[in-house]
Structures are given as structure tokens and as C-alpha cells.
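Read the structure below first, then the notes.
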């Protein structure tokens with residue numbers, strides 16, 4: 003049985019873009035809300051410029067200790083799903099840092115296996131102030 007199940011990871015191309023964004027903007031974070039303005043896509047912001055809510059869920063950290071947060075409503079739907087952040091050509095929302103680069107982040111997903119589900123730990127929330 004897997005001991006430490008990761009809820010979120012990056013593809014190689016997404017990691018490369020993330021490192022480019024960190025080089026240009028400093029530390030960043032991801033948030034996926036499920037709301038308007040490409041809300042079903044992960045949004046990348048300079049860390050500290052997006053306020054995480056008490057009910058937001060920290061799914062984990064990707065490259066460069068970049069946190070990936072998700073709104074509680076979205077998490078209710080995605081909690082049994084492994085997420086992979088990828089990057090593709092085309093503009094997404096103007097609010098996410100990668101938009102001026104002519105690319106956008108998106109989520110690819112798969113259901114966790116039964117063994118992975120059994121090994122999952124409850125993720126921390128914004129109320130626990132984990133940054």
C-alpha cells in the first residue's frame with residue numbers, strides 16, 4: 003500500500019513553466035476555485051497576493067515548495083482524484099501569471115486506486131494557516 007499519496011503533481015513542461023514564473027515573479031502559489039474566470043483551471047498567483055480562505059484545502063506542494071490550494075466546494079468533487087498540472091498552448095484567464103506567456107495551466111486527472119484512497123490523509127485547510 004502506498005505510504006505517502008500525493009494529491010497533486012506537475013508534468014515536466016508545467017514544472018519548467020513554473021520555474022520560469024518563479025524566476026520572473028518570485029514565490030508563487032496555485033489556487034483552483036471552480037468559479038468564474040477559468041475557475042476550473044488552476045490559477046497561478048504571486049504568493050501573498052491571493053488570500054486563502056479558512057475553508058480552502060491545501061492539496062500539497064509542487065516544485066519549489068509551491069502550494070496548491072483548492073476551494074472546499076471543488077475539493078468535495080475532486081477528493082478521490084489525483085491531479086496533474088499540465089501546461090498547453092493558448093491563453094487562459096488574464097489573472098493567472100502564465101497568461102502573458104501564451105500558455106495556460108490545466109488539470110489532468112485520474113481516480114485514486116483503492117489502496118491510494120485508504121492511504122490518503124486529510125489535507126490541511128486555510129483555517130490552519132499552513133503556508
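Residue numbers (our numbering): 3 to 133. For glycine and all other residues, C-beta sits at the position ideal for the given N, C-alpha and C.
| query | result |
| --- | --- |
| Which residues DSSP lists as bridging residue 135, in chain order | With the chain represented from 3 up to 133, any question about residue 135 goes unanswered, as that position is not in the structure. |
| At least three beta-carbon pairs within less than 8 Å, the stretch 85-98 to the stretch 11-18 | yes |
| Own chain partners of residue 3 with C-beta closer than 7 Å, once the 5 adjacent residues on each side are dropped | Confidence in residue 3 is poor, its pLDDT being 42 and thus under 50, which makes the residue's placement unreliable; the coordinate value appears in the next sentence. The answer, listed in chain order, is 117, 120 and 121. |
| Same chain only: Cβ atoms within 7 Å of residue 68, ignoring 5 sequence neighbours per side | 20, 30, 31 and 32 |
| Opening and closing residue of the beta strand (DSSP E) in which residue 61 lies | 59-64 |
| Of the residues 50, 102 and 79, the one placed nearest residue 112, counting alpha carbons only | 79 |
| Spatial neighbours of residue 8 in its chain, beta-carbon cut-off 8 Å, leaving aside the 5 residues before and after | 62 and 84 |
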